[in-house]
Ligand SMILES: Cc1cc2nc3c(=O)[nH]c(=O)nc-3n(C[C@H](O)[C@H](O)[C@H](O)COP(=O)(O)O)c2cc1C
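Residue numbers (my numbering): 71 to 257.
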């Protein structure tokens, strides 16, 4: 839906957020909250897709599919857009995120193909999770997802947010606005 159509429509788009860190005090959860504020200001509804709330044991092929997988698939499908906000682990994506992607991929690809996807990452160091974001982008596209070309990398997390939790570091804040504009224009 073009941005102007959604702005004049009575139902705002729903943006889901999947965080690749389950940790209390996570800097990626901090980034998720900052993006949520910006999406809300732009007129979207947001919902957290908390991977800890789904029954998702470590995947292997002998396991019966746990109920959490279909529940997670339904939740993703209910969103117009989904933003993955993830830490980088050893140059890649964290197992909790890959496990959720792998489990849900065993049900098919529709939940990857339907929403429009965004990717963001926050790191304590200056590199801003670019290797993780590249891998998440590759995996999502391999599963048929339409992924925004604008990725919100945030380095030096300690100085990237103000006391209100707003993302203030540049170029990250500008990238966040560009991602939001692109996502709301595409859905
Ligand atoms: C197993 C492990 C591997 C990590 N590898 C990287 C890495 O490759 N690049 C990076 O920038 N930070 C790396 N870190 C540091 C994380 O960016 C840092 O712990 C960050 O706070 C994790 O995100 P969170 O606060 O959202 O949980 C790693 C941390 C862990 C625990």
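Ideal Cβ positions, reconstructed from N, Cα and C, are used throughout, including at glycine.
Mind checking who residue i pairs with in its DSSP beta bridge?
i	result
residue 87	118, 153
residue 238	Residue 238 pairs with nothing; no bridge assigned.
residue 222	190
residue 162	159
Taking buried to mean at least 16 other C-beta atoms within 10 Å of its own C-beta, is residue i buried or exposed?
i	result
residue 128	exposed
residue 263	Coverage of the chain is limited to positions 71 through 257, which leaves residue 263 absent and any answer about it impossible.
residue 164	buried
residue 196	exposed
residue 145	buried
residue 143	buried
residue 219	exposed
Quick check for students: name the residue ranges of the beta strand (DSSP E) that lie wholly in the region 90-136, counting only runs of 3 or more. For the region 90-136, the full-length beta strand (DSSP E) segments reaching 3 residues or more read 115-119 along the chain.
Touch check for the region 102-114 and the region 81-88: three-plus C-beta pairs under 8 Å? Yes, the region 102-114 touches the region 81-88.
Entirely within the region 167-216 and at least 4 residues each: give me those alpha helix (DSSP H) ranges in chain order. Secondary structure within the region 167-216: the alpha helix (DSSP H) runs of 4 or more consecutive residues, fully enclosed, are 180-183, 200-212 (chain order).
Are at least three pairs of beta-carbons, each pair with one atom in the region 109-117 and one in the region 206-213, less than 8 Å apart? The region 109-117, when compared against the region 206-213, does not touch it at the 8 Å Cβ threshold.
Validate contact between the region 179-189 and the region 91-99 using beta carbons, cut 8 Å, 3 pairs: Segments in contact, no.
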